[in-house]
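Input: a single structure, listed below in structure tokens.
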Amino acid sequence: MSSSFAPLGKVEDRRAPIHLLRELTMPIVLVAVIIYLVYGLVTMTVPGNAAFPGPRFFPLIIVIAMTILVILQTITAVRDWRSGDLVELGEDEDQRRQSGLVVEAGTSSRMDVPSLLWIIGSFLAFAVTLEILGWIIAAALLFWGVARGFGSRTPLKDLVIGLTVSSIAYIGFDMLLGLSLPSGILGWGF
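Residues 1 to 190 in UniProt numbering are what the sequence shown lists, from first letter to last.
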């Protein structure tokens, strides 16, 4: 007697601790960034005559927004992990493995080291070159490097977007807030 149902492929239980750790990696990294930003806010020297919104206002908004995102992402990760969603391995098994959705029993979860190096290297290069290149160029290169680290394969488009966003941020800080960002080689002595 034959069954009309095709046999299921391998099924993986997503309740393994490695899945929770994988989902919590980004919130953990963001918590480290939040701690760094809070330290910067607390140790920032603010002149007594600073008017509202002041130099602490926008970093504080970023810290609050990041904290909310970390909380939401953590809640979602724990909820999904507790529900124990099962992942079926079928004909798209290789694609799911490459995307990180599947870790077979007996194998270790591997970090994508080149992507991580692109992201960390971009931040380090930004920190080192900010004064020399200036905000607009350094932030555009940071955006390009992080986009590359996250898998983007359109470098020209990423660079144009990075230049646009960094230019808007520069104009916003300089003209709207009266706070100057490093102009670097584009400053021409201004």
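Note that the Cβ used here is the ideal one computed from N, Cα and C, for glycine as well.
Rounded straight-line distance, which links the Cα of isoleucine 61 to that of aspartate 158: Near 26 Å, if we compare the C-alpha coordinates of isoleucine 61 and aspartate 158.
Exposure label - glycine 178; buried when at least 16 CB within 10 Å: So glycine 178 counts as exposed.
Where phenylalanine 52 falls, given that 16 or more other Cβ within 10 Å makes a residue buried: So phenylalanine 52 counts as exposed.
Straight-line gap, valine 146 to serine 167 (C-alpha atoms, nearest Å): Roughly 17 Å between the two C-alpha positions.
Three or more C-beta pairs below 8 Å linking the stretch 148-155 and the stretch 113-133: Yes, the stretch 148-155 touches the stretch 113-133.
Inter-residue Cα distance where the pair is residue 206 and isoleucine 137: Any question about residue 206 goes unanswered here, given that the chain covers just 1 to 190.
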